[in-house]
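Data first, discussion second: the structure below is written as structure tokens.
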Amino acid sequence: MNVHFYPSFIVMFGALFILIQLCFVRSQFLAYFISGISLLLALLMQLFLQNQTSSTETLFTFNAQTSFISLLLLMIVGLIWAQLYNWLKTLNEHKEEYYLLFLLSTLGGLIMVASNHFSSFFMGLELMSLSFVGLIAYCGHDKKAQEAGIKYLILSAIASAFILMGAAILYLQFGSLSFTALLHITSTQLLPAWAILCAIIFIFTGLFFKLSLVPCHLWVADLFEGAPLVTSAMLATLSKLSVFIVLWRLVTLGNWQQYQLIIDVLSIVAVSSMFIGNCLGLLQKNLLRLIAYSSIAHFGYLLIVLLLINNHSMTFSIQNFNEQIMLFYLVAYLFTLVGVFSIFIQIPKIKTLDELSGLFWQKPFIAITLMLLMLSLAGIPLTLGFMAKFYLVMAAVSQQLWLVLAALVISSIIGMFYYLRVIMALIKTPTDKAKFNHINVDGNALSLNILIIFLVIGFGIFPSSLSQFIQQITG
Amino acid sequence: MSLFILLLIPLLGGVLAWFSQRFDANLPKRITFISLLMCWLPLIPLFHTMLFDGASLKKSQWLINESFNWISIFNIKAHLALDGLSFLLIVLTLLMALVALSAAWHEIKQRTGFFYFNLLWTIAGVLGVFLAIDLFLFFVFWEVMLVPMYFLISIWGHENKHYAAIKFFIFTQAGGLLMLLSLCGLVGIHYQQTGVLTFDYILLMQNPITGDFPFWIALGFTISFLVKLPALPFHSWLPDAHTQAPTAASVILAAVLLKTGGYGIIRFVLPLFPEASIQLAPFMMLIGVIGIIYGAMMAFVQTDLKRLVAYSSVSHMGFVLLGCFAFNIYALQGAVMQMLAHGISTSALFFLVGMIQHRYHTRDLNKLGGLWINLPKLSAFGLFFGIASLGMPGLGNFIAEFLILVGSFEQYPIITVFATSGLILAAVYSLLLIYKTFFGKVNSPQNIKIPDTNTKEWFTLITMCFILIYLGLHPQPIFDLVPIKLMNIAFVSFSMGVSL
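Taken in order, these protein sequences are the chains called C and Y.
Position 397 of the first sequence, counted from 1, bears residue number 383 in this note's numbering, the numbering being contiguous throughout.
To convert a position in the second sequence, counted from 1, into this note's numbering, add 840.
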């Protein structure tokens, strides 16, 4: 038995325990406890596995990078879990099933991150997507949530169908569904090049949908707005992280840069995601929609990494520089985003910018945290988000992708406007002093905010420790 | 460590000022005052060597040079260094910070803690810009000083503050991102050509990059500095930001923030890209002249007093641009002098406008008039600084503009002739300002007793007067402090054919 399976097993057993618990006793605290224990154990196990030797099996591959990514995933899920209990108390539904679905989607993410085969990848993807349908439509009375759930169900089924079609065509060519089989370019070219390109683009379409990149982005704002808050957080972090890792692995292993068309498609998708994401956010008044659009743009920036893979011409003589950048960017962006969502969870009744106005003068600590997070998303120096963007720009400059870089700079400027609007709203003079009395900052939330500030500013000022850690993993 | 301490004092002072608001609303300004005074402490040893032993300066460019490792993956260092140019600008910054504090003392009554926190952090950012020698560190300070300034404008500003603050932030951030791109390009190409990965200014200067790229990178740097300067196509944030900002922020903006643009050109563009800047020079001279004339003409159609002064800044900073790209030692010295003199005279004007607005609750030229009767002292100061702004001989501004014009005439006679008309136009708007505000028909109700300058204001203004007169009568120490020869602006001697 491979030790690398243990974290996933622990999460799975946690989910099964909750199922058994539901047969006997309904208790939110017990479910919270079980899910917490299983996440904690999985996290510790994963931490312990960091130094294990890598191993590759038919379905899964485990090495330093996958275990780092799994660790990242578990940490993010853990941070979201920490706020789940108080948040769920505000819902009028059965609460225990939420933990079940929560763990199942985490399990799906863990499977995808380590997958090395289309079947395991697909299994993970479906496990995650189907749990998400439940998570999104969790509030039965909320019409918007129902609509969002159905939208997600149908669209993700279509996306899966695209991925399956692509995988089938690749199977026709390579005779295997393993990702590693993509490495070996067979001498007997069974299929014409356009068929393979077609397959790749099918797979891309499916994955771009999950990443909500342009032109498959139309669902994301409705979903973020309609779904319960924690579900949106999971969608924005867990789902996107695991799908992006699969996309990155496919592009790397398949050496798809050899096709000029693929490069073009990736560049166009990246550039249009940056622009359209940021432009849609410009006049947005709803906070969650705004974050949804910003996440389109950020994954557009991240796609630049894919353009750099397998192109070792010059990267400052640093080994595996592109991988490091990708991991750094993911860490930076996802932690910032989790921070933003945890602030939103702390201010549950505030949905729009107008309702946010004046928060700084009433609840300064929450407002300062949110401000710093917005600055990090906008990429102002001395925040984690800026360092990530700087690394990305350095990498892109080293390979002289001037056009994409120009797009990055211009769209960042556009994006800055709406992050500023949030800050602007925060520091407006409040009209009604009693407006924010319902927000009570308990010790739990306070310590979480301190942790977020520490991460975003601490690693923003001293990124060396984080980047050295990532260097060790990739090196 | 003294330079890092210099940066840390305002940063810590700011945090302290913010927290002290809980105990007493008057405490933050006292803490600000003390921490601004403490900022002078690390500079005292320098005053000693500089003023009494000028001969020792000539040996090397850097008076203090401190460096620590920061981000090892890219070989980025926390490298601060101080030479004569940055020393002068730091002295200017610290002086103007005191002026800003004096302006804010009675004006800011709400949320004092956060105000002084932002004020001090802006000062720290500007000091960092003038001290940072590692390009990445420079960029970080360049961007970070804008955030507290943004808060200053958007919280304590006047009627249309949100619009002005957003415009200010987006313009300057756009410039900043362009600089980031050029910076990474410079380092990347330098690495390709030499195999050395470094962000260090001194190392980058030793092996200038060659090929087609320097031109584009130099253009990127120059544009991002032009935004801050501001030169013509990128100036539109300035009148709004100045007009809407509280007086203290206007003073800091005019006196110090604009100077970072000129400083950037002299410090980075000219030494790092000698050939590219010779290629760029004609365009920059043209932009400079257009800025001079356009700024002056815009100034004399304004009815808002603050906007008038803001446009006069555009005009004056055109001279700085002219001086930087004339490739002549006189013009360069003139540009440095212009930065100092303009910093003092314009911030004094903003200070005066702030005082007038505080007393009359209007900045409209048409509603003011005849102030001399009620406020003789204030009006006398207004007359003095208005005349300084038009370039009266005997004051710093005259020396600066004269040197710039003399220097650039050698290279670009036609452009310089047009630039000279800026002096006449400056006379028009300055006299208009003086006439409409201090003389003429009394528009304000006379029966209300309006207090003249108080001791603090009087002392601030009289100090600024004396500095301007000193700069005008005895500018040589300033020129000695800025050893152009040591600043690796090698082409100056080539293109001039004149010994330095």
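C-beta atoms are modelled at their ideal positions from N, C-alpha and C, and glycine is treated no differently.
Quick caveat, the model's predicted, so the values are computed rather than measured.
- In this structure, Thr322 of chain C and Leu356 of chain C do not form a Cβ contact; the two beta carbons are roughly 11 Å apart against a cut-off of 8 Å.
- At least 8 Å separates the CB of Cys1164 of chain Y from every CB of chain C.
- Note that the stretch 957 to 968 of chain Y touches the stretch 978 to 986 of chain Y; at least 3 beta-carbon pairs, one per stretch, sit closer than 8 Å.
- In the structure shown, Trp910 of chain Y adopts extended strand secondary structure according to DSSP, grouped into three states.
- Collapsing the DSSP output to three states places Asp1052 of chain Y in coil.
- Fewer than three beta-carbon pairs drawn from the stretch 1059 to 1077 of chain Y and the stretch 988 to 997 of chain Y are found closer than 8 Å, and the two stretches are therefore not classed as touching.
- Uninterrupted alpha helix (DSSP H) stretches at least 4 residues long and entirely within the stretch 38 to 90 of chain C occur at 50 to 67 and 70 to 75, given in chain order.
- When C-beta distances to chain Y are compared with 7 Å, the residues of the stretch 392 to 416 of chain C below that value are Val395, Ser398, Ile399, Met402, Phe403, Leu406, Met410 and Ile413, in chain order.
- Within chain C, the residues placing a beta-carbon under 7 Å from that of Glu983 of chain Y are Ile366 and Pro367, ordered along the chain.
- Per DSSP, the unbroken alpha helix (DSSP H) holding Lys129 of chain C starts and ends at Lys129 to Phe160.
- Three or more pairs of CB atoms, one per stretch, sit closer than 8 Å, so the stretch 1299 to 1313 of chain Y contacts the stretch 1228 to 1238 of chain Y.
- Counting along the chain, Ile1169 of chain Y sits inside the alpha helix (DSSP H) bounded by residues Ile1169 to Tyr1200.
- The bridge partners DSSP lists for Thr338 of chain C are C:Asn272.
- Judged by DSSP in its simplified three-state form, Ser13 of chain C adopts coil rather than helix or strand.
- From the beta-carbon of Gln1013 of chain Y, the residues of chain C found nearer than 7 Å are Ile399 and Met402.
- Within chain Y, no residue has its CB atom less than 8 Å from the CB of Leu313 of chain C, the nearest being about 13 Å off.
- Counted as a single uninterrupted DSSP element, the stretch harbouring Lys349 of chain C is not any alpha helix (DSSP H), since DSSP gives it neither H nor E.
- Under the DSSP assignment, Ala1220 of chain Y falls in the alpha helix (DSSP H) whose first and last residues are Pro1216 to Ser1229.
- Closest by C-alpha distance to Leu1112 of chain Y, out of Y:His1182, Y:Leu1097, Y:Thr952 and Y:Leu1023, is Y:Leu1023.
- Taking a Cβ-Cβ threshold of 7 Å, the residues of chain Y close to Val383 of chain C are Cys1024, Gly1025 and Gly1028, in chain order.
- Gly64 of chain C and Tyr18 of chain C have their C-alpha atoms spaced approximately 12 Å apart.
- The Cβ atoms of Ala364 of chain C and Tyr405 of chain C lie closer than 8 Å to each other.
- Residue pairing of Asn905 of chain Y in beta bridges, as defined by DSSP: Y:Ala921.
- About 6 Å separates the beta carbons of Leu183 of chain C and Leu247 of chain C, which is inside the 8 Å limit, making them a contact pair.
- For Ser1261 of chain Y, the uninterrupted alpha helix (DSSP H) segment begins and ends at Pro1253 to Phe1278.
- Excluding the 5 residues flanking it on each side, Gly126 of chain C has same chain C-beta neighbours closer than 8 Å at Glu79 and Gln132, in chain order.
- Non-local beta-carbon contacts of Ala943 of chain Y in its own chain, meaning distances under 7 Å to residues more than five positions away in sequence, involve Thr1087, Ala1088, Val1091, Phe1191 and Gly1194 in chain order.
- If you look at Leu387 of chain C, you'll find it isn't in any alpha helix (DSSP H); DSSP assigns it neither H nor E.
- Here Ala857 of chain Y is not near Phe1008 of chain Y, since their CB atoms are 8 Å or more apart.
- Taking each of C:Gln270, C:Leu57 and C:Asn264 in turn and checking the Cα distance to Ile282 of chain C, the smallest one comes out for C:Asn264.
- CA-CA distance, Phe859 of chain Y to Tyr279 of chain C, rounds to 37 Å.
- Residues of the stretch 977 to 1008 of chain Y with a C-beta atom less than 9 Å from some C-beta of chain C are Phe979, Val980, Phe981, Trp982, Glu983, Val984, Leu986, Val987, Tyr990, Phe991, Ser994, Ile995, His1002, Ala1005 and Ile1006, listed in chain order.
- In the three-state reduction of the DSSP assignment, His1075 of chain Y falls in the coil class, being assigned neither a helical nor a strand state.
- For Gly344 of chain C, no alpha helix (DSSP H) run applies, since DSSP gives it neither H nor E.
- Taking a cut-off of 8 Å on C-beta distances, the stretch 914 to 934 of chain Y touches the stretch 1030 to 1041 of chain Y, as three or more cross pairs fall below it.
- Residue-level contact check: Ser164 of chain C does not touch chain Y, since none of the beta carbons of chain Y fall below 8 Å from its beta carbon.
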